[in-house]
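Asker: Counting from 1, one number per residue, gives the positions in the sequence shown under UniProt numbering.
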Amino acid sequence: MIVAIDVSSNSAQRAFDLSAAAITGKSTHRLVSGPAGVDQQLYFDLRRHGYDFSAPVIEGYVLARGLGNRAMQFMGTDPFAESAFRSPLWSNQNIAELGGFLTRPNGVVLSRQVAQKYGLAVGDRIALQVKGAPTTVTLVGLLTPADEVSNQKLSDLIIADISTAQELFHMPGRLSHIDLIIKDEATATRIQQRLPAGVRMETSDTQRDTVKQMTDAFTVNLTALSLIALLVGIFLIYNTVTFNVVQRRPFFAILRCLGVTREQLFWLIMTESLVAGLIGTGLGLLIGIWLGEGLIGLVTQTINDFYFVINVRNVSVSAESLLKGLIIGIFAAMLATLPPAIEAMRTVPASTLRRSSLESKITKLMPWLWVAWFGLGSFGVLMLWLPGNNLVVAFVGLFSVLIALALIAPPLTRFVMLRLAPGLGRLLGPIGRMAPRNIVRSLSRTSIAIAALMMAVSLMVGVSISVGSFRQTLANWLEVTLKSDVYVSPPTLTSGRPSGNLPVDAVRNISKWPGVRDAVMARYSSVFAPDWGREVELMAVSGDISDGKRPYRWIDGNSRQLSGPLAG
1 MIVAIDVSSN
11 SAQRAFDLSA
21 AAITGKSTHR
31 LVSGPAGVDQ
41 QLYFDLRRHG
51 YDFSAPVIEG
61 YVLARGLGNR
71 AMQFMGTDPF
81 AESAFRSPLW
91 SNQNIAELGG
101 FLTRPNGVVL
111 SRQVAQKYGL
121 AVGDRIALQV
131 KGAPTTVTLV
141 GLLTPADEVS
151 NQKLSDLIIA
161 DISTAQELFH
171 MPGRLSHIDL
181 IIKDEATATR
191 IQQRLPAGVR
201 METSDTQRDT
211 VKQMTDAFTV
221 NLTALSLIAL
231 LVGIFLIYNT
241 VTFNVVQRRP
251 FFAILRCLGV
261 TREQLFWLIM
271 TESLVAGLIG
281 TGLGLLIGIW
291 LGEGLIGLVT
301 QTINDFYFVI
311 NVRNVSVSAE
321 SLLKGLIIGI
331 FAAMLATLPP
341 AIEAMRTVPA
351 STLRRSSLES
361 KITKLMPWLW
371 VAWFGLGSFG
381 VLMLWLPGNN
391 LVVAFVGLFS
401 VLIALALIAP
411 PLTRFVMLRL
421 APGLGRLLGP
431 IGRMAPRNIV
441 RSLSRTSIAI
451 AALMMAVSLM
461 VGVSISVGSF
471 RQTLANWLEV
481 TLKSDVYVSP
491 PTLTSGRPSG
501 NLPVDAVRNI
511 SKWPGVRDAV
521 MARYSSVFAP
531 DWGREVELMA
541 VSGDISDGKR
551 PYRWIDGNSR
561 QLSGPLAG
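See below:
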């Protein structure tokens, strides 16, 4: 599970990194603004004042219906300003017809491999959907990547001239951002002093860090599930090794009588476990890679639905992931083997022939298990009650509670079985009395199996409750939010907000359509909040879109206080 989750997550992250690298290039900073973009006049001003290491960029996602109906990045650039930023794209051997790229209306260039995959040649038309509106572009050039990494960067990229991109994305006179290469802080300070209101400078790594923060919680959840599965596996290994040791106690007694030392017996058991662990871990790595390939589709779909659009073309299996899986697998096997190996080493030959000696040791541990349960359980509850939203702290608390519940399994099993025996005896006769007592007599084996089963069932129930709660919360939110009979919006590439706007004429006339009693307009956009230092979602509405179910300020009768600020 650990390797599978690593493979799927790393493959998705690498796909995003390659896509971002194709756009970012060698830029160190960028100038960005609100949803409308940056005024291109700022770029002209920077050039006039000698800031030659600057390049205008328009970027966005489009649905390439002529390329397998897949989402692709679209980048509009000025090739004359690109040599310092993305020079491999603009070398003479990469673009076949630079003149057509600059002069032909709606001209674009693609990777040669992508064009060959879909049977396209220079001059062919490609159907796109840009911000929900259908359009067509003309293939005027082909890019020939220098290596495999460059090929992966270009596999999801369509490039056009800046003016073409402005027309397609309906951004006349605007830019998505301005890329900069800044080599010293003094230059950065001078540029910042020239920025108009509403424009800010950020490093090129800011976007990647933001995306990483968004997906960290998703990755942590997957990792936590894999660790819980590993914990269940440790209990199963421990139970298996313990059963094996108990079964071979007479054999170990004979070895001790023949002169085998305690240390030799200990290393015999540990070596057996090491060999089994190596075989199991090796098979686990292979199965993990196979599962990771299958999980890539699910992980990619989740990221596309909630965060951003990526297309994973290659499975990324890093040596670090394999090494981590190998170390954790062997460590888990050795850790689970350690207690029974120590018990076998410390047992004198005579007592190995008596089963009661092993069970008496478990009985002596009962008070300490209660103490450990109380200590770990209290620590876990304290971690869960700490204020804040740190997932790592929450998972530490969760694992502490799980281990505490596993530790209480032996004494709790003994307590319950001893009290069930009389009632089951009266109900079922001798068999009813024997069954609970046999469980107590073999507590060294049964309690571990019960603990492992308990953790597996608790994991299943916990995940089911979490998913069910999420679904119910979503259903409640939809019930409050979706109060209209019909919703009209432009198409979107993700499950988030629409990627474009409705036509102005449609917005003006929609309330006049036959059968429409009332129409409420809403618009969503991401804006930067300087006081918070991050982007927030801004929603502008023309009225109550929830039929009185949302706590809007004007619903409680204070609309006068709000009318002034809204009008401004």
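Cβ atoms here follow ideal geometry from the backbone N, Cα and C, with glycine treated the same way.
Our contact map puts Ala344 next to Ile269 with C-beta atoms below 8 Å; I'd like the distance itself, whole angstroms only.
Answerer: Counting from 1 along the sequence shown, the entry for residue 344 is found at position 344. Counting from 1 along the sequence shown, the entry for residue 269 is found at position 269. About 6 Å; that satisfies the 8 Å criterion.
Asker: Contact check, Val32 vs Arg200 under 8 Å by CB: the rounded distance?
Answerer: Counted from its first residue, the sequence shown places residue 32 at position 32. Counted from its first residue, the sequence shown places residue 200 at position 200. With 8 Å as the limit, Val32 and Arg200 qualify as a contact, their Cβ atoms being about 6 Å apart.
Asker: Please identify the residue among Leu459, Arg419, Ser321, Val520 whose C-alpha is closest to the C-alpha of Asp485.
Answerer: The residue given as residue 485 occupies position 485 in the sequence shown. Checked all of Leu459, Arg419, Ser321, Val520; the closest Cα to Asp485 is Val520.
Asker: To the nearest angstrom, how far is the alpha carbon of Asn10 from that of Ser458?
Answerer: Sequence index remark: in the sequence shown, residue 10 carries index 10 (1-based). Sequence index remark: in the sequence shown, residue 458 carries index 458 (1-based). Whole-angstrom Cα-Cα distance: 29 Å.
Asker: Where does Trp532 land, buried or exposed, given buried means 16+ other C-beta within 10 angstroms?
Answerer: Numbered from its first residue, the sequence shown carries residue 532 at position 532. Per the 10 Å Cβ criterion, exposed.
Asker: In this structure, what does DSSP give as the bridge partners for Ala71?
Answerer: Residue 71 sits at position 71 when you count from the first residue of the sequence shown. Leu63.
Asker: From Leu157, Arg47, Phe379, pick the residue whose C-alpha is nearest to that of Gly76; which is it?
Answerer: On the sequence shown, position 76 is the one that residue 76 refers to. Here the closest residue by C-alpha is Leu157.
Asker: Let me confirm a value: Ile95 is counted as buried when at least 16 other C-beta atoms fall within 10 Å, else exposed. Which label applies?
Answerer: To locate residue 95, count along the sequence shown from 1; it is residue 95. Residue confidence for Ile95 is low, a pLDDT of 47 falling below 50, so the modelled location carries little weight and cannot support an answer.
Asker: Going by DSSP in three states, Phe528 sits in which element: helix, strand or coil?
Answerer: For the purposes of this step, residue 528 is taken as the residue at position 528 of the sequence shown. Note: Phe528 maps to strand in three-state DSSP.
Asker: Would you say Ile287 and Ala165 are within 8 Å of each other, going by their C-beta atoms?
Answerer: The residue you call residue 287 lines up with position 287 of the sequence shown. The residue you call residue 165 lines up with position 165 of the sequence shown. No, they are not a contact pair.
Asker: With distances taken from CA atoms, which of Ala160, Trp290, Leu369, Pro503 is nearest Arg104?
Answerer: Working through the sequence shown from its first residue, we reach residue 104 at position 104. Nearest option by C-alpha distance: Ala160.
Asker: Is Pro35 buried or exposed, if buried means 16 or more other CB atoms sit within 10 Å of its CB?
Answerer: Start at 1 with the first residue of the sequence shown, and residue 35 comes out as number 35. Looking at its Cβ environment, which holds fewer than 16 other Cβ atoms inside 10 Å, Pro35 is exposed.
Asker: Which residue wins for smallest C-alpha separation from Ala253, given the options Val348, Ser273, Thr242?
Answerer: Counting from one through the sequence shown, the residue named residue 253 turns up at place 253. Among Val348, Ser273, Thr242, the Cα nearest to that of Ala253 is on Val348.
Asker: Once DSSP output is grouped into helix, strand and coil, what is the label at Glu82?
Answerer: Start at 1 with the first residue of the sequence shown, and residue 82 comes out as number 82. Three-state result, Glu82: coil.
Asker: Going by other Cβ atoms of all chains shown within 10 Å of its Cβ, with 16 needed for buried, is Arg249 buried or exposed?
Answerer: The sequence position of residue 249 within the sequence shown is 249, counting from 1. Buried is the call here.
Asker: Taking 8 Å as the cut-off, decide whether the C-beta atoms of Asp179 and Arg30 are in contact.
Answerer: Residue numbering aside, residue 179 sits at position 179 when the sequence shown is read from its first letter. Residue numbering aside, residue 30 sits at position 30 when the sequence shown is read from its first letter. Cβ distance < 8 Å, so Asp179 and Arg30 count as in contact.
Asker: Find the nearest neighbour of Lys131 within the set Ala64, Ala115, Ala84, judged by alpha-carbon distance.
Answerer: In the sequence shown, the residue the question calls residue 131 occupies position 131. Nearest of Ala64, Ala115, Ala84 to Lys131, Cα basis: Ala64.
Asker: Taking its Cβ as the centre, do 16 or more other Cβ atoms sit within 10 Å of Pro430, making it buried, or is it exposed?
Answerer: By 1-based counting over the sequence shown, the position of residue 430 is 430. By the neighbour-count rule (16 or more Cβ atoms within 10 Å), Pro430 is not buried but exposed.
Asker: Just reading off the alpha helix (DSSP H) that Gly141 is part of, what are its end residues?
Answerer: Position 141 of the sequence shown, counted from the start, is the residue given in the question as residue 141. Looking at the DSSP string, Gly141 is not in any alpha helix (DSSP H); the run it does join, the beta strand (DSSP E), is 133-143.
Asker: Please list the terminal residues of the continuous alpha helix (DSSP H) segment that includes Met201.
Answerer: Your numbering for residue 201 matches position 201 in the sequence shown. No alpha helix (DSSP H) holds Met201; the beta strand (DSSP E) holding it covers 200-203.
Asker: With hydrogens ignored, establish whether the beta-carbon of Val199 is closer than 7 Å to any heavy atom of the ligand FMN.
Answerer: Absence of the ligand FMN from the depicted structure is noted, as is the absence of any ligand whatsoever, leaving it without description.
Asker: What span of residues does the alpha helix (DSSP H) with Ala319 cover, start to end?
Answerer: Taking the sequence shown and counting its residues from 1, one reaches residue 319 at position 319. It spans 319-346 - the alpha helix (DSSP H) in which Ala319 sits, taken as one unbroken run.
Asker: Could you tell me whether the Cβ atoms of Gly380 and Leu369 are closer together than 8 Å?
Answerer: The count along the sequence shown starts at 1 and reaches residue 380 at position 380. The count along the sequence shown starts at 1 and reaches residue 369 at position 369. No, they are not a contact pair.
Asker: Reducing DSSP to helix, strand and coil, say where Gly432 ends up.
Answerer: Looking up residue 432 in the sequence shown gives position 432. Residue state, collapsed to three classes: helix.
Asker: Classify His49 as buried or exposed, calling it buried when 16 or more other Cβ atoms lie within 10 Å of its own Cβ.
Answerer: To locate residue 49, count along the sequence shown from 1; it is residue 49. Exposed, since its Cβ has fewer than 16 Cβ neighbours within 10 Å.
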